[in-house]
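Chemist:
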Amino acid sequence: MAKPTWRLHPDRALPTDPLQREIAREIYASSAELPIISMHGHIDVGAIDRNDAFGDPAELLIIPDHYLVRMLVSQGLRTEDLGVRPLDPAAGYETDHRAVWRRFAENWKLFRGTPTRYWMEHELVEVFGITEEPSAASADAIYDQLSATLARPEFRIRELFNRFNIEVLSTTDAPDSDLSEHAALAADGWGARVIPTFRPDGIFYPDRAGWRASIRSLATRNGTDITDYRSFLAAVQERRFAFVAAGALATDHGHLSADTTPLSASDAERIFAEALQCPVDAAKGAAFAANMLFESARMSVEDGLVMQLHPGVQRDHSDEIAQTFGPDHGFDIPRAIDYTRGIHPLLNAFGLDPRFRIILFTIDETVYSRELAPLAGAYPSVRLGAPWWFLDSPGGMARFRELVTETAGFYNTSGFVDDTRAFTSIPARHDLSRRIDAGYLAKLVAEHRLSFDEATETAIDLAYTLPLLAYKRRDAGETASTPAQTPQQERAAR
Amino acid sequence: MAKPTWRLHPDRALPTDPLQREIAREIYASSAELPIISMHGHIDVGAIDRNDAFGDPAELLIIPDHYLVRMLVSQGLRTEDLGVRPLDPAAGYETDHRAVWRRFAENWKLFRGTPTRYWMEHELVEVFGITEEPSAASADAIYDQLSATLARPEFRIRELFNRFNIEVLSTTDAPDSDLSEHAALAADGWGARVIPTFRPDGIFYPDRAGWRASIRSLATRNGTDITDYRSFLAAVQERRFAFVAAGALATDHGHLSADTTPLSASDAERIFAEALQCPVDAAKGAAFAANMLFESARMSVEDGLVMQLHPGVQRDHSDEIAQTFGPDHGFDIPRAIDYTRGIHPLLNAFGLDPRFRIILFTIDETVYSRELAPLAGAYPSVRLGAPWWFLDSPGGMARFRELVTETAGFYNTSGFVDDTRAFTSIPARHDLSRRIDAGYLAKLVAEHRLSFDEATETAIDLAYTLPLLAYKRRDAGETASTPAQTPQQERAAR
Amino acid sequence: MAKPTWRLHPDRALPTDPLQREIAREIYASSAELPIISMHGHIDVGAIDRNDAFGDPAELLIIPDHYLVRMLVSQGLRTEDLGVRPLDPAAGYETDHRAVWRRFAENWKLFRGTPTRYWMEHELVEVFGITEEPSAASADAIYDQLSATLARPEFRIRELFNRFNIEVLSTTDAPDSDLSEHAALAADGWGARVIPTFRPDGIFYPDRAGWRASIRSLATRNGTDITDYRSFLAAVQERRFAFVAAGALATDHGHLSADTTPLSASDAERIFAEALQCPVDAAKGAAFAANMLFESARMSVEDGLVMQLHPGVQRDHSDEIAQTFGPDHGFDIPRAIDYTRGIHPLLNAFGLDPRFRIILFTIDETVYSRELAPLAGAYPSVRLGAPWWFLDSPGGMARFRELVTETAGFYNTSGFVDDTRAFTSIPARHDLSRRIDAGYLAKLVAEHRLSFDEATETAIDLAYTLPLLAYKRRDAGETASTPAQTPQQERAAR
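From first to last, the protein sequence lines stand for chains A, B and C.
If you want our numbering, it's the 1-based position in the first sequence plus 277.
If you want our numbering, it's the 1-based position in the second sequence plus 277.
If you want our numbering, it's the 1-based position in the third sequence plus 277.
Here is the structure:
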């Protein structure tokens with residue numbers, strides 16, 4: 278008997294309870310076809326500008342995907358055997374990408390139950406039209422089919438961008454970026470579709486290798502001297518204005534903790550001056566970085582950029598991996614964080630300011646109900662970011678809604694944010710989040726806690742309206758599905 | 278087509294799995310009509326004594342409800358525009374309560390998925406007979422209907438008390454309360470229905486503004502001088518006896534942490550003496566407060582008052598809100614707590630004493646399975662309090678049973694405790710807890726882990742018997758649904 | 278009407294959703310009859326060697342079960358009244374075991390919803406053929422029936438071992454064990470079925486009472502002098518080799534924290550020398566113990582023993598219980614742990630070594646998704662141990678899969694590990710885990726996230742193959758359900 282063709286089931290990731298599934302199907306139908314709003318991600322703007330082809334299947338789907346590589350490594354395969362190039366290429370690594378693909382396909386079973394499996398299935402079937410499941414037997418045939426597909430013009434990045442119905446996509450950019458690729462895209466009519474995000478981590482941690490080089494590069498880009506803390510702050514502010522001019526709506530901050538304690542100007546100046554001379558210790562680095570979060574909030578009040586905070590990850594847990602391959606190779610491990618105390622100085626200073634907006638992310642789920650939902654359910658500036666990284670998964674997203682909604686509601690969350698570097702996985706991720714939210718909403722309807730009409734409106738808001746509002750791409754006034762008038766608006770309208 | 282009348286579905290908040298729902302319906306039926314036992318709350322005893330009318334709809338349902346106000350504030354409305362009076366009223370605030378109500382009604386969507394929505398629906402429909410959902414369009418009509426209803430004599434507080442079938446309700450009272458309103462109620466035959474609770478936080482934190490005034494007031498009420506730690510302890514004990522005489526069954530303690538480390542008498546005396554002269558620092562305040570928890574336990578062994586501990590909240594996270602409006606305006610944010618170490622000195626000293634009882638609450642869900650269930654499942658004095666504050670919600674209560682029951686069972690929990698300051702929400706809250714418990718029990722029955730008869734007996738115990746037993750309103754011996762004889766009783770009975 | 282006979286429902290603990298239940302039944306059928314792999318437990322090897330009868334019902338099922346005793350104590354019964362012998366027997370304790378049994382039976386309701394109830398039901402019905410539920414009325418009849426059953430030859434431990442279809446069972450043994458009983462079993466042909474585990478906690482904490490005696494005993498057993506840290510390390514290594522020779526596959530470490538920071542040889546030597554003279558403080562004890570975890574990993578790289586780490590329990594929370602009855606009487610309470618930082622030194626040094634394997638356990642559920650799944654999903658040496666102690670329960674196991682699978686997959690988990698000291702509960706525990714895993718897998722199938730064939734293969738792996746692989750009882754190469762070839766194997770095969 279022939280194996281049945283591999284396909285995606287229309288009800289996948291919806292609840293299985295018969296009543297909930299029926300309702301969820303209809304709710305999902307209302308959001309499934311909405312444009313994709315991708316307000317936070319790590320897609321290479323240059324690739325969009327050049328409209329690159331994606332290379333071979335391993336280059337596209339295996340080698341750069343640290344979720345996927347880490348899983349294979351966790352089961353005994355070596356990073357270099359998966360095609361990942363060591364910092365010193367002479368150390369040797371697999372350059373036969375067909376072999377890399379085969380190693381992945383043979384170990385397909387390891388991904389059971391993971392979002393990597395779910396996304397990959399969506400990409401292979403839906404985006405690339407593969408009809409066979411990866412396995413040792415099918416590896417070569419799939420590799421050949423994928424290779425042929427990727428060579429076709431309609432599989433270039435801008436064509437997929439259109440096919441995926443992406444309305445807007447934010448990239449992540451260093452402060453010293455010249456933003457020329459964004460300018461080129463704008464000249465090409467793509468300015469509203471691809472926008473930059475200001476990501477200053479590299480200049481905020483003076484204890485890190487490379488900090489001084491980053492400061493020099495920032496000075497060069499800004500065309501000013503950076504000789505002290507004051508001129509540093511001025512340069513940061515100027516670059517932020519340059520990003521605003523290039524269409525940026527947000528900044529992004531990946532910090533070890535959620536600490537936002539400001540330093541006195543003299544303490545900040547002292548650490549800055551010391552760091553210009555020689556590396557400072559980790560404690561000083563952390564104190565300076567915390568201070569810069571506070572200063573970033575102050576600047577956001579002025580220039581309107583939405584802050585995004587991603588704390589709580591111990592980067593490069595394995596020295597050996599970091600030394601061999603550099604950062605971001607799957608050995609970043611979360612730690613417990615304390616948002617209530619950490620974010621207190623910042624919110625106490627700016628949290629009630631109507632000009633300020635901050636989106637808080639976590640990969641420590643314990644802070645959802647204990648800290649983040651209470652904060653987002655009180656401070657008007659706070660929105661709760663979508664589940665991130667390891668939590669961007671069916672169960673992770675379901676738990677997020679369960680743990681957050683009762684205290685913060687739906688409208689204090691950011692709506693879906695994909696945070697990916699894998700372009701062809703974007704539709705899978707957005708589709709999955711719409712399914713999970715539809716399931717959660719269906720449960721509320723089935724339990725008679727929400728009407729069906731409210732649920733569909735909410736589903737549309739979570740998928741589409743809320744990300745636009747959270748990042749100030751749209752004003753609350755522009756959409757029906759937003760809070761009604763503020764008293765100020767109300768008075769003005771009388 | 279006419280909009281269907283707004284109504285409560287009889288199956289709301291029950292599980293949607295067909296088998297579970299059918300069982301849950303029957304279990305719920307067994308507990309639905311039981312009297313309400315409300316052993317911990319914040320209802321104003323004076324209002325009951327005077328049998329006050331409730332004022333207008335905003336005064337009853339919006340302005341004093343910090344759950345509700347915080348949600349509107351989190352979406353950009355200002356606290357003062359919701360009718361909340363600033364400490365300095367000259368700063369201005371909304372006095373048009375119809376406008377306040379309208380702001381709430383227009384933003385009804387923000388409450389989707391929250392317990393505020395659930396409770397409000399129950400109150401409006403069930404208690405007040407409203408048949409339309411709040412919205413901009415319906416706001417005025419509902420306001421008018423509510424106003425008319427609230428003016429009717431059968432909507433005064435004592436009439437609702439009877440209608441709600443409240444068997445007993447505990448208020449929360451400061452140590453310097455003269456308890457005269459409780460005495461008046463007792464004289465009126467309501468002594469067994471409304472009882473006081475001793476809440477000494479104000480005199481336990483010597484670092485707080487107002488502490489000295491509280492001590493003076495305590496001395497005045499007690500008719501003794503408080504000149505040192507020793508006379509302070511004596512006054513505390515005497516006031517506790519006065520509360521016992523007035524019918525109190527419990528004390529209540531809202532602390533920043535769960536620390537219960539005793540101080541030496543000389544250290545306690547030193548802090549107390551210093552604090553009488555000038556404010557002490559937060560560390561000394563916390564140490565003294567921890568010591569007073571330990572001392573409170575010692576006193577409880579003597580006078581039989583059940584301790585309630587509510588730790589883990591950082592009060593007044595926003596200085597601006599606290600300075601403008603005072604405490605308790607929605608900006609209290611939970612923090613992680615350590616019960617295992619914090620409560621250790623207290624339990625190690627008194628935890629096995631059969632005269633002692635302590636009920637532990639948390640809003641840090643992570644301690645449920647890790648710390649509280651193991652503690653409650655070992656120490657005979659410990660009961661695990663019902664989900665509190667942000668966790669008094671459908672999901673919060675469901676997770677509580679999931680995380681606690683397997684280690685502590687049902688009979689080491691307190692049964693439902695509502696902790697509300699919103700009188701007309703009491704039936705909604707108790708009804709909801711009975712539904713959630715019925716759902717959890719139905720799952721156990723449907724999974725063949727419990728018989729149906731056991732489940733209904735347990736449902737009755739959770740709603741009615743256990744709160745009475747936990748607060749020693751009733752002896753274990755008085756009910757069938759309690760532990761069988763202790764060996765001591767057994768021997769005595771031979 | 279006659280009461281229906283007490284029996285186990287074939288669908289117990291399976292999901293109740295109709296679609297999930299049907300799938301779960303079939304998945305469960307594929308794993309239900311597999312042999313039991315019991316790689317971590319606390320069964321007395323001597324009892325197996327002697328093929329002991331189990332004594333009376335209270336001796337078998339009540340007195341040694343600290344889960345059960347703690348629950349009764351938590352509701353006011355006294356430990357001594359449950360037949361537990363105090364360290365000073367003159368203090369008095371119940372010696373009438375029928376009375377002990379009766380106290381348990383009368384309080385059967387306290388166990389509703391707990392795994393103790395579930396396991397006991399399985400044991401009484403399935404293992405011993407009891408047809409009535411425990412109660413005051415049935416207590417004596419059940420006691421008599423159990424007593425008669427336990428006296429029958431087919432209820433001796435080796436006969437039950439066969440009946441239970443246990444393929445291999447690990448005991449837990451002190452470093453100074455002479456392993457003679459294991460040798461006797463081996464001589465009897467049972468060597469492959471009962472294997473020792475090296476458990477060195479007693480010699481790793483130099484601050485604990487009894488440490489010096491343990492060191493002396495270790496020296497005696499090893500036939501060497503232990504005069505300093507160096508000779509201590511040598512003795513540890515030699516005993517490990519003796520365990521390997523006796524068939525051991527693993528070591529086990531029950532530590533207060535997950536700290537694995539190594540000491541310099543001179544610091545370790547200093548603490549060791551001091552401890553030989555007089556007790557050291559808790560901080561030095563903890564530092565030495567952390568160092569010994571690091572050293573144990575180093576030794577594991579050499580001798581191949583799989584490390585097991587069980588951290589995060591504050592032992593003997595009640596001094597009174599510990600002083601009266603000794604350790605392990607139900608007053609061990611979990612604490613929050615920090616795996617990301619604690620395990621960092623050890624994994625950074627050995628985590629990528631293909632010769633190394635460590636299995637990480639927790640009873641702090643908050644580290645599942647935040648720390649353990651990310652660690653297990655990256656380091657090839659790490660496997661995530663099954664839910665342990667309070668978490669070895671239907672809900673605990675379900676949450677484990679929910680929180681772990683999306684990041685670590687199934688194949689970085691250990692498969693089921695029972696950790697019991699109650700021999701007759703072993704089948705109940707393994708059966709329950711197979712049901713819960715079947716339920717989780719059925720949900721994935723019902724949500725179209727996994728095929729049915731994948732699910733049944735995974736169920737078999739979780740119940741049988743993975744425990745064998747995790748503990749290196751079997752090579753990956755020996756089973757179809759394991760990762761495919763490593764590139765090294767692949768090259769070798771060309």
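Backbone N, C-alpha and C define an ideal beta-carbon position, used for all residues, glycine too.
From a predicted model like this one, the values you see are computed outputs, not experimental measurements.
1) Quick one: does Leu-291 of chain A have its CB under 8 angstroms from some CB of chain B?
2) Tell me, please, whether the CB atom of Thr-742 of chain C is closer than 8 angstroms to any CB atom in chain A?
3) Could you give the C-beta distance for Gly-619 of chain A and Val-659 of chain A, rounded to a whole number, given that I count them as a contact under 8 angstroms?
4) Helix, strand or coil: how does DSSP classify Thr-293 of chain C here?
5) Verify whether the separation of the beta carbon atoms of Phe-388 of chain C and Met-348 of chain C is less than 8 angstroms.
6) Given Leu-296 of chain A, which residues of its chain have a CB within under 6 angstroms of its CB, disregarding the five upstream and five downstream residues?
7) What's the call for Asn-499 of chain A, buried or exposed, on a 16-neighbour Cβ count within 10 Å?
8) Which residue comes first and which comes last in the beta strand (DSSP E) that contains Thr-528 of chain C?
9) Let me check one thing: in DSSP terms, what residues is Pro-588 of chain A bridge-paired to?
10) Using the rule of at least 16 other Cβ atoms within 10 Å of the residue's Cβ for burial, across every protein chain shown, is Pro-312 of chain B buried or exposed?
11) Along the region 387-398 of chain C, what residues have a CB closer than 7 angstroms to any CB found in chain B?
12) Give a yes or no on whether the C-beta atoms belonging to Ala-655 of chain B and Leu-661 of chain B are separated by under 8 angstroms.
13) Give, in chain order, every residue of the region 334-366 of chain C whose Cβ lies closer than 8 angstroms to some Cβ of chain B.
14) Alpha carbon to alpha carbon, what distance is there between Glu-458 of chain C and Arg-327 of chain C?
15) Please return the same chain residues whose Cβ sits closer than 6 angstroms to the Cβ of Asp-288 of chain A, not counting the five positions on each side in sequence.
16) List, from N- to C-terminal side, the alpha helix (DSSP H) runs of 4 residues or more that fit wholly inside the region 374-426 of chain A.
17) Can a CB atom of chain A be found closer than 8 angstroms to the CB of Arg-726 of chain C?
18) Which chain A residues sit within Cβ distance under 9 angstroms of Gln-554 of chain C?
19) Residues of chain A with CB under 7 angstroms from Thr-643 of chain C, in chain order?
20) Buried or exposed for Ala-761 of chain B, please, with buried defined as at least 16 other CB atoms from any protein chain shown within 10 angstroms of its CB.
21) Quick test of the definition: if touching needs 3 or more C-beta pairs under 8 angstroms, does the region 402-418 of chain A touch the region 710-727 of chain A?
22) If you count every other CB in all the chains shown that lies within 10 Å of the CB of Pro-631 of chain B, and 16 or more means buried, which is it?
23) Does Arg-433 of chain C come out as helix, strand or coil in the three-state DSSP assignment?
24) Just to confirm before moving on: does the CB-CB distance between Lys-749 of chain C and Thr-293 of chain A stay below 8 angstroms?
25) Kindly provide the ranges of any alpha helix (DSSP H) runs that are 4 or more residues long and lie completely inside the region 298-363 of chain A, ordered along the chain.
26) Distance, Cα to Cα, Phe-549 of chain C vs Pro-556 of chain C?
27) Can you tell which of A:Gly-468, A:Arg-429, A:Asp-342, A:Ala-599 has its C-alpha closest to the C-alpha of Ile-325 of chain A?
28) Return the residue from the list B:Arg-678, B:Glu-303, B:Arg-362 that minimises the CA-CA distance to Gln-600 of chain B.
29) Take the Cβ of Leu-364 of chain B as the centre, count every other Cβ of all protein chains shown within 10 Å, and call the residue buried at 16 or more, exposed below.
30) Which residues in chain A have a C-beta closer than 9 angstroms to the C-beta of Ala-613 of chain B? List them in chain order.
31) Tell me whether Met-278 of chain A is buried or exposed, calling it buried when 16 or more other Cβ atoms sit within 10 Å of its Cβ.
32) Run through chain A and tell me which residues come within less than 7 angstroms of Ile-419 of chain B, C-beta to C-beta.
33) Assuming the contact rule is C-beta atoms closer than 8 angstroms, Ala-512 of chain C and Ala-496 of chain C should be a hit. Round their C-beta distance to whole Å, please.
34) I'd like the span of the alpha helix (DSSP H) that includes Val-578 of chain C, first residue to last.
35) Quick one: list the residues of chain C neighbouring Leu-629 of chain B, beta-carbon separation under 8 angstroms, in chain order.
36) Compare the C-alpha of Ala-675 of chain B against each of B:Leu-462, B:Arg-711, B:Thr-697 and name the closest.
Modeler: Based on what the coordinates show:
1) Looking up residue 291 of chain A in the first sequence gives position 14. It does not; no Cβ of chain B falls within 8 angstroms.
2) For this step, residue 742 of chain C is matched to residue 465 along the third sequence. It does not; no Cβ of chain A falls within 8 angstroms.
3) By one-based count along the first sequence, residue 619 of chain A stands at place 342. By one-based count along the first sequence, residue 659 of chain A stands at place 382. Going by Cβ atoms, the distance from Gly-619 of chain A to Val-659 of chain A rounds to 13 angstroms, so no, they are not a contact pair.
4) On the third sequence, position 16 is the one that residue 293 of chain C refers to. Coil at Thr-293 of chain C, not helix or strand.
5) For the purposes of this step, residue 388 of chain C is taken as residue 111 along the third sequence, with counting starting at 1. For the purposes of this step, residue 348 of chain C is taken as residue 71 along the third sequence, with counting starting at 1. Yes; because the gap between Cβ atoms is below 8 angstroms, this pair is in contact.
6) Position 19 of the first sequence, counted from the start, is the residue given in the question as residue 296 of chain A. Taken in chain order, the residues that qualify are Ala-723.
7) The count along the first sequence starts at 1 and reaches residue 499 of chain A at position 222. The residue in question, Asn-499 of chain A, is buried, as its Cβ has 16 or more Cβ neighbours within 10 Å.
8) Taking the third sequence and counting its residues from 1, one reaches residue 528 of chain C at position 251. Its beta strand (DSSP E) spans residues 527-532.
9) As a working note, residue 588 of chain A is residue 311 in the first sequence. DSSP lists A:His-532 as partners of Pro-588 of chain A.
10) Here residue 312 of chain B corresponds to residue number 35 of the second sequence, with the count starting at 1. Under this definition Pro-312 of chain B is an exposed residue.
11) Leu-387, Phe-388, Arg-389, Gly-390, Thr-391, Pro-392, Tyr-395
12) Here the question's residue 655 of chain B lines up with position 378 in the second sequence. Here the question's residue 661 of chain B lines up with position 384 in the second sequence. Their beta carbons are not under 8 angstroms apart, which means Ala-655 of chain B does not touch Leu-661 of chain B by this criterion.
13) Arg-347, Met-348, Val-350, Ser-351, Gln-352, Gly-353, Leu-354, Arg-355, Asp-358
14) Locating residue 327 of chain C in the third sequence gives position 50, counting from the first residue. Locating residue 458 of chain C in the third sequence gives position 181, counting from the first residue. Their backbone Cα atoms lie some 9 angstroms apart in a straight line.
15) As a position in the first sequence, residue 288 of chain A is number 11, starting the count at 1. Same-chain partners within the cutoff: there are none.
16) Those alpha helix (DSSP H) runs which fall completely within the region 374-426 of chain A and span 4+ residues are 374-383, 392-399.
17) Counting from 1 along the third sequence, the entry for residue 726 of chain C is found at position 449. Yes - at least one Cβ of chain A is within 8 angstroms of the one on Arg-726 of chain C.
18) The residue given as residue 554 of chain C occupies position 277 in the third sequence. Within 9 angstroms Cβ-Cβ: nothing; Gln-554 of chain C doesn't reach chain A, min ~37 angstroms.
19) Within the third sequence, numbered from 1, the residue matching residue 643 of chain C stands at position 366. Here the neighbours are Thr-643.
20) Position 484 of the second sequence, counted from the start, is the residue given in the question as residue 761 of chain B. Below a pLDDT of 50, predicted positions are generally treated as unreliable, and Ala-761 of chain B, at 46, falls in that range; the measurement from the model is reported next regardless. That one is buried.
21) no
22) The residue you call residue 631 of chain B lines up with position 354 of the second sequence. So Pro-631 of chain B ends up on the exposed side.
23) Taking the third sequence and counting its residues from 1, the one referred to as residue 433 of chain C is at position 156. DSSP places Arg-433 of chain C in coil when its eight states are reduced to three.
24) Here the question's residue 749 of chain C lines up with position 472 in the third sequence. Here the question's residue 293 of chain A lines up with position 16 in the first sequence. The answer is no: Cβ separation not under 8 angstroms.
25) 322-327, 334-338, 343-351
26) Looking up residue 549 of chain C in the third sequence gives position 272. Looking up residue 556 of chain C in the third sequence gives position 279. Answer to the nearest angstrom: the Cα atoms are 10 angstroms apart.
27) Taking the first sequence and counting its residues from 1, the one referred to as residue 325 of chain A is at position 48. Nearest option by C-alpha distance: A:Gly-468.
28) Indexing the second sequence from 1 puts residue 600 of chain B at position 323. If we check each option's Cα against that of Gln-600 of chain B, B:Arg-362 comes out closest.
29) As a position in the second sequence, residue 364 of chain B is number 87, starting the count at 1. Flag for Leu-364 of chain B reads exposed.
30) Looking up residue 613 of chain B in the second sequence gives position 336. Ala-613, Asp-615, Thr-617, Thr-643, Val-644, Arg-647, Glu-648, listed in chain order.
31) Position 1 of the first sequence, counted from the start, is the residue given in the question as residue 278 of chain A. Note on Met-278 of chain A: pLDDT 44, under 50, position unreliable in the model; the coordinate value appears next. With fewer than 16 other Cβ atoms within 10 Å, it is exposed.
32) Against the second sequence, residue 419 of chain B aligns to sequence position 142. Per Cβ cutoff of 7 angstroms: no residues; Ile-419 of chain B is ~15 angstroms from chain A at best.
33) For the purposes of this step, residue 512 of chain C is taken as residue 235 along the third sequence, with counting starting at 1. For the purposes of this step, residue 496 of chain C is taken as residue 219 along the third sequence, with counting starting at 1. A Cβ-Cβ separation of about 6 angstroms places Ala-512 of chain C in contact with Ala-496 of chain C under the 8 angstroms criterion.
34) One-based indexing of the third sequence puts residue 578 of chain C at position 301. 559-580 is the extent of the alpha helix (DSSP H) around Val-578 of chain C.
35) Here residue 629 of chain B refers to the residue found at position 352 when the second sequence is read from its first residue. Correct list: Ser-595, Glu-597, Ile-598.
36) Reading the second sequence from its first residue, position 398 is the one you call residue 675 of chain B. Checked all of B:Leu-462, B:Arg-711, B:Thr-697; the closest Cα to Ala-675 of chain B is B:Arg-711.
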